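If you're matching positions, the sequence shown starts at 818 in the working numbering and goes up one per residue.
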Amino acid sequence: MFDFSDFLTEHKIKEKLAKDGLYSEPKKFIIRNENIEFTPGFVRNVEHQGVSMDIEFQVKKFFELDGVLEGVIDYQNKVLNSPPGEYKNFVNGSSWKSIIQKYEGQICIPAFLYNDDFQIDDKKGPHSSVNSLSAFYYTFPTLPPHVNSKLDSVFPAMIVKATDVKEYGVTSPLQCLIKVFLQLEIQGINIFENLENSKQIKVVLCKVLEIISAYIAFVATEKHLICLSTV
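Listed below in structure tokens is the structure:
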């Protein structure tokens, strides 16, 4: 177990975790720059920023956990080779079959991206305050059911202020995220199962989902393609 007694500051804890390969610093990005006149004659440039996680680091660490990659590959193949109607999964559909045609013989894993607001320590709900945060998450639909149902199989990708999303839209955050996922798809990422053996996987962003209130609504495919084309 990690002993925190020798690390009394956040900086030292981060430093130790990074040294052990367990932490990667999130990065800030600019959503919009604007000049705001606070008082007559006093104008100040204000940067609206978001924070992006190191998604490549997260993916690599997750799939290098004991049995995770093997479990995903086995379950994905099981679903793909099952009789029609036995499993309902994204990889059963025509969209996925079309995607993997260009990556024949390679390990491709689909990913879904979605967005939801949250508010820290506010009993009124995530949409009730100007301090609400809008978080983007991703997950893998071909994780085995006993894993896919757990919260630790949902990964934070980005956090921005909900007010910035409402005022300026999701174009800037989505462009940043899609660029990362395109890199994971095109270049792939090497997963080391042990010190000697590695496998290259391609993580393919297939769906952008949106959580609204208590239900999940699928964003239209056309909107997803527009987002991809703006990168």
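We treat Cβ as the ideally placed atom computed from N, Cα and C, and that holds for glycine. Quick caveat: nothing in here was measured; it's all calculated off a predicted structure.
- Secondary structure at Tyr840: coil, using DSSP grouped into helix, strand and coil.
- Rounded to whole angstroms, the separation of the alpha carbons of Ile830 and Ser822 is 10 Å.
- Across the structure, Gln1000 and Phe859 are spaced so that their CA atoms are roughly 43 Å apart.
- Looking at the backbone, the Cα of Ser911 and that of Leu968 are separated by about 28 Å.
- In this structure, the CA atom of Val987 is about 16 Å from the CA atom of Glu864.
- In this structure, Pro973 lies away from Pro927, with their beta-carbon atoms at least 8 Å apart.
- The three-state reading of DSSP puts Lys914 in helix, counting H, G and I together.
- Using a Cβ distance threshold of 8 Å, Ile924 and Gln1017 count as a contacting pair.
- Within the same chain, Cβ atoms closer than 7 Å to the Cβ of Asn906 are found at Val896, Pro958 and Thr959, the five residues on either side in sequence being excluded.
- Ranked by how close their Cα comes to the Cα of Asn862, the residues Ala979, Glu851 and Leu825 have Glu851 in first place.
- For the 8 Å CB-CB criterion, Phe953 and Leu994 form a contact.
- Out of Ser951, Asp891 and Tyr985, the CA that lies nearest to the CA of Val977 is found in Ser951.
- Judged by beta-carbon spacing, Ile1006 lies within the 8 Å limit of Glu873, meaning their Cβ atoms are closer than that value.
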